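Counting in full-length UniProt numbering, the sequence shown runs from 1 upward without gaps. Backbone N, C-alpha and C define an ideal beta-carbon position, used for all residues, glycine too. Being a predicted model, the structure only gives us computed values, none of them experimental.
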Amino acid sequence: MATSMTPKAGAPSISNVVPLRASFLPRHREYLMRWLEAGSCMGLCDIDVSSRSENGAIEHVLIWVRENADPAYLLRPEGMKWVLIDNLRDHRLGAYQRFEAALYAIRPVLPCGATVAA
1 MATSMTPKAG APSISNVVPL RASFLPRHRE YLMRWLEAGS CMGLCDIDVS
51 SRSENGAIEH VLIWVRENAD PAYLLRPEGM KWVLIDNLRD HRLGAYQRFE
101 AALYAIRPVL PCGATVAA
């Protein structure tokens with residue numbers, strides 16, 4: 001007897017679709033620390049890398065600058081891009097293919113292609 005591949009009404013939907021999302025890799029953390037150190041003379045003060053769950057998935061990176069006590073920028077993965085937000089004005093500044101390009105948009109203190117191996 002042949003079985004039907006059509007889901008029945010009211011049956012739970014099973015999906016094989018895995019959403020793609022940019023990941024915060026060890027090379028990103030190293031680049032972020034180098035970028036922060038290089039940018040200290042240009043007003044970069046501190047960063048906070050926040051995970052959203054026990055599995056360590058990164059929800060966002062907050063960036064403080066000398067001029068403000070509150071975090072000035074928020075950087076988060078969205079799909080396969082990194083979204084940069086002006087955290088003080090809650091304004092989206094852009095979406096970048098590479099994590100390094102988003103940091104470069106904030107302060108161009110390292111060459112945009114200066115990545116390190118993971």
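(Q) Do N87 and A105 have their beta-carbon atoms positioned less than 7 Å apart in this structure? (A) no
Q. Within 10 angstroms of its Cβ, does H91 collect 16 or more other Cβ (buried), or is it exposed?
A. exposed
Q. Is DSSP giving P108 helix, strand or coil here?
A. coil
Q) Between which two residues does the alpha helix (DSSP H) harbouring R29 extend? A) 26-38
Q: Below 8 Å CB to CB, which residues in the same chain sit around I85 once its five sequence neighbours on both sides are set aside?
A: Y73, L74, L75, R76, H91, R92, L93
Q: Please list, in chain order, all residues of the same chain as E67 whose beta carbon is under 8 Å from its beta carbon, the five residues on each side excluded.
A: G43
Q.
If I follow the unbroken beta strand (DSSP E) through S50, where does it start and stop?
A. 44-51
Q.
Taking the beta strand (DSSP E) that L88 belongs to, which residues open and close that run?
A. Note, L88: premise wrong, no beta strand (DSSP E); not H, not E.
Q) Just reading off the beta strand (DSSP E) that E78 is part of, what are its end residues? A) 73-78
(Q) With DSSP as the reference, identify every bridge partner of A95, one or two as the case may be. (A) V83
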